[in-house]
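Using my numbering, you'd call the opening residue of the sequence shown number 453 and step up by one each time. We put the beta carbon where it would ideally sit given N, CA and C, even for glycine. Everything numeric in this text was worked out from a predicted model, so none of it was measured. Quick notes on the structure that follows.
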Amino acid sequence: MSFLLALLGGLIGILVAVGIVFLIIYSKIKRTVGDVQMGELKSVISTASNLQKEEYSRVKNVKGLTSLLEQDIRRDFPEFSKEVIFALSEKCIRKILNCIESRDIFKIKDDTDYIYIEPKIQEHIEDMKSNDINEKFDNIEFNRSAIRAYTKDGGRATIKISTSLGYFYQTNQKDKKYYSDVKKQTRYTTEFVYVYDESKFDKHQISYSVHCKNCGAPIQNLGNSYCTYCGTPVERINLKAWKITSCEEDYNI
Ligand SMILES: [Zn+2]
């Protein structure tokens, strides 16, 4: 009992001491800067937090060289249309955010447009579950997109798209700042791959880790109709289409 009392006394003592130190610092600052400037100091602090809120809701620019890169892509893919790939980028971002919010990959599971990215999203969701993380993305609205990069080698072509969008964001992560009453404006980078030559692409396929649904073995050749390990029929996947391989937020508040 006396130990508890002593502990309590000690705690109160510490609290009082901390309070006195704060008072001394506050009155010192006040004496040094004066009443008027003290008011200004407070308004500077509140302006800074207003600016942060403004920046949070300011529509973000996209990073890209659309017209230049579009010409390069058209040289290799004459039917390529930037409108189509921009719409695809928006559709993919929306579906992936839905999956993250519901912590369920139902939206992209069994959709062959997502074969390259599905394992990554699955892993991310498992991570969220084990750390008890929740994220919400409400009223998603897209502003604009741009082509950010284009490369072609090793049997595949790769396009990076920069997309600007807004949504009402909420999370239970302590280190992530959000305002539930203000729409967050942000930017994402998505990456799409088109395999134009499967024979050249072989050596890169494992890195995308597409696995057999029966035995889990990596599918060596996505054009195969059987798993080379267990013989389970594997749906032939049309690789001659732009398929998403990565989707990352490209903005931090
Ligand atoms: Zn198998």
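Around the Cβ of residue i, are there at least 16 other Cβ atoms within 10 angstroms (buried) or fewer (exposed)?
i      : result
Thr638 : buried
Ile658 : Any reading at Ile658 needs caution, since the residue's pLDDT is 43, under 50, leaving its predicted position unreliable; the model's value is listed next. Exposed, by the Cβ-count rule.
Ala598 : buried
Glu506 : exposed
Val647 : buried
Ile472 : exposed
Lys543 : exposed
Thr642 : buried
Glu700 : exposed
Pro685 : exposed
Ile569 : buried
Cys667 : exposed
Tyr703 : exposed
Lys695 : buried
Tyr640 : buried
Val496 : exposed
Tyr678 : exposed
Phe644 : buried
Tyr621 : buried
Tyr619 : buried
Gly516 : buried
Lys482 : exposed
Among the options, which residue has its Cα nearest to the Cα of residue i?
i      : options                           : result
Asp528 : Cys682, Ile671, Asp649 and Asp633 : Asp649
Thr610 : Asn502, Phe532 and Asn513         : Phe532
Asp524 : Thr603, Val514, Leu493 and Phe594 : Thr603
Val511 : Phe594, Pro670 and Ser677         : Phe594
Asp579 : Arg600, Ile552 and Tyr568         : Ile552
Lys565 : Lys581, Ser541 and Leu549         : Checking the sequence, you will find Asp at residue 565 rather than Lys. For the residues Lys581, Ser541 and Leu549, the minimum Cα distance to Asp565 belongs to Ser541.
Asp556 : Glu587, Glu643, Lys534 and Glu535 : Glu587
Ser422 : Lys480, Lys534, Ser509 and Ile545 : Residue numbering for the chain in the displayed model covers 453 to 705; residue 422 lies beyond these limits and cannot be assessed.
His663 : Cys682, Ser509, Ser651 and Thr484 : Cys682
Leu521 : Ala601, Tyr508 and Tyr619         : Ala601
Val514 : Phe620, Pro670 and Ser614         : Ser614
Thr518 : Phe538, Leu503, Ser509 and Thr499 : Phe538
Val634 : Lys612, Phe589, Ser651 and Ile476 : Phe589
Lys534 : Leu617, Lys612, Lys636 and Lys547 : Lys612
Asn591 : Lys636, Phe558 and Gly486         : Lys636
With hydrogens ignored, establish whether the beta-carbon of residue i is closer than 8 Å to any heavy atom of ligand 1.
i      : result
Thr641 : no
Cys682 : yes
Ala669 : yes
Cys664 : yes
Cys679 : yes
What do you reckon, is the C-beta of residue i under 8 Å from a heavy atom of ligand 2?
i      : result
Gln504 : Ligand 2 is absent from the structure shown, which contains only ligand 1.
For the segment 677 to 696 against the segment 622 to 638, do three or more pairs of beta-carbon atoms, one drawn from each stretch, fall closer than 8 Å, so that the two count as touching? With contact defined as three or more Cβ pairs closer than 8 Å, the segment 677 to 696 and the segment 622 to 638 are not in contact.
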